[in-house]
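Numbering (my numbering), first residue to last: 81 to 439. Just so it is clear, CB atoms sit at the ideal spot from N, CA and C, and this is done for glycine as well.
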Ligand code: ATP
Ligand code: MG
């Protein structure tokens, strides 16, 4: 898919305007705190996800204004389409081709994209929660049914946890635990199998992309690690402990995937640039899987990726995104010199303009 234009009004610090990108690569450069990431974030909201910076919707409206409005016009399935998001009073509403959606989450899968932001380095550096979130959000875009399944699992989990907390005071409640265990086992198995199948697809592409980025010097491998391969048994055995802690100790909500570089855990072994390259490889692979499955190329949003990548890695990255519509931010227009074709924009004080002058 390709974005044709983004009209934004009172979104963060961006001055109301219509942004008309190139079909290929768009480089958005400017000094710190001018609005580059805000522009990417506004585009990202249309994928139906939350802000990748993990803030509340209230923060997205320009300070002092009542509401923000974003309109995206794009080309997908061989025809122009549009979507609109209104943020007001801490709430978000959305419409698609002029029809109001019941929830903004229904935008998921209609506008597809992948995002890389410097914070995503946490995928490699931090604990399993971010890695699970990565798999889950990728799967939600890929398979609309997955979001429902995951919600149901999480709902069951919180019901079971609430019950665990009540049991010490009402011992008879322990008899109802098996009902929740069974639900958890059923949906948990589906969650795990979808995640595993997805990681299987991702692994191939990520390995290739990483090989390219590192010019064949290092090998990236990924594998899913289950907290409990036999969840029914684990729940039975962990029951006493679960009651003690008031929390379910095993299940897909405790799973992870391991990231190895040349057989060593990347978290402790990889350099800064290698960690960045791993995250990029994962994101590029996510885009490749989306494309392979939906037949549409997702838009690729890259916030501040060029720093910390050596010239070879930058070259590989830009060359491998030639067929995608890419939005890439950087501080120095000079960083974009490696680009062939595409459009250069500058952002200053919330105003986005085609770049004039020599980079
Ligand atoms: P950097 O190079 O440092 O990443 P950036 O150009 O990506 O900078 P943004 O994250 O887009 O910067 O933020 C630009 C400005 O927007 C910041 O100075 C921030 O204070 C401001 N800002 C954020 N939210 C709002 C809001 N709700 N209303 C008004 N301004 C906001
Ligand atoms: Mg930024």
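Taking C-beta atoms as the reference points, residue 191 and residue 132 fail to come closer than 7 Å. Excluding its 5 nearest sequence neighbours in each direction, residue 84 has C-beta neighbours in its own chain below 7 Å: 153, 154, 155, 160, listed in chain order. The Cβ-Cβ distance between residue 106 and residue 377 does not fall below 7 Å.
For the pair residue 302 and residue 337, the CB atoms are nearer than the 7 Å cut-off.
With a cutoff of 7 Å on beta-carbon distance, residue 230 and residue 246 are scored as not near each other. Exclusion of the five residues before and after residue 286 leaves 300, 302, 361, 362, 365 as the residues of its chain whose Cβ lies within less than 7 Å of its Cβ.
Counting other Cβ atoms within 10 Å of its Cβ, residue 118 reaches 16 or more and is therefore classed as buried. By the beta-carbon neighbour count (other beta carbons within 10 angstroms, threshold 16), residue 294 is buried. The C-alpha of residue 238 lies about 47 Å from the C-alpha of residue 392. A distance criterion of 6 Å places the beta-carbon of residue 114 in contact range of ligand 1, judged by its closest non-hydrogen atom.
The continuous stretches of alpha helix (DSSP H) do not include residue 407, which lies in the beta strand (DSSP E) extending over residues 406-410. The three-state reading of DSSP puts residue 355 in helix, counting H, G and I together. Closest option to residue 413, judged by alpha-carbon separation, among 403, 399, 384, 429: 384. Setting aside the 5 residues that flank it on each side, residue 173 is surrounded in the same chain by 166, each with a C-beta closer than 6 Å to its C-beta; the list follows chain order.
Under a 10 Å Cβ-count criterion, residue 98 is classified as exposed, with fewer than 16 other Cβ atoms of the shown protein chains found around its own Cβ. For residue 129, same chain residues with a beta-carbon under 7 Å away, outside a window of 5 residues either side, are 217 in chain order.
Taking residue 353 as the centre and dropping the five residues before and after it, the same chain places the C-beta of 388 closer than 6 Å to its C-beta, in chain order. Nearest in C-alpha terms to residue 95, of all of 436, 430, 255, 435, is 430. DSSP places residue 383 in the strand class (E or B) of the three-state scheme.
The residues 151, 175, in chain order, have a CB closer than 6 Å to that of residue 164 in the same chain once the five nearest residues on each side in sequence are set aside. Under the DSSP assignment, residue 88 falls outside any alpha helix (DSSP H), being part of the beta strand (DSSP E) whose first and last residues are 82-89. The C-beta of residue 324 has fewer than 16 other C-beta atoms within 10 Å across all chains shown, which makes the residue exposed. Going by C-alpha positions, residue 406 is about 5 Å away from residue 380. The count of Cβ pairs closer than 8 Å, one atom from the region 327-343 and one from the region 196-214, reaches three, so the stretches are in contact.
Around the C-beta of residue 328, 16 or more other C-beta atoms lie within 10 Å, and the residue is accordingly described as buried. Around the beta carbon of residue 92, 16 or more other beta carbons sit within 10 angstroms, so the residue counts as buried. For residue 81 and residue 375, the gap between their C-alpha atoms comes out near 9 Å. Residue 267 sits away from residue 226, with the two beta carbons spaced by 7 Å or more.
Per DSSP, residue 193 is one residue of the beta strand (DSSP E) stretching across 193-196.
Pairing residue 428 with residue 185 gives a Cβ-Cβ distance that is not under 7 Å.
In this structure, ligand 1 has no non-hydrogen atom nearer than 6 Å to the beta-carbon of residue 220.
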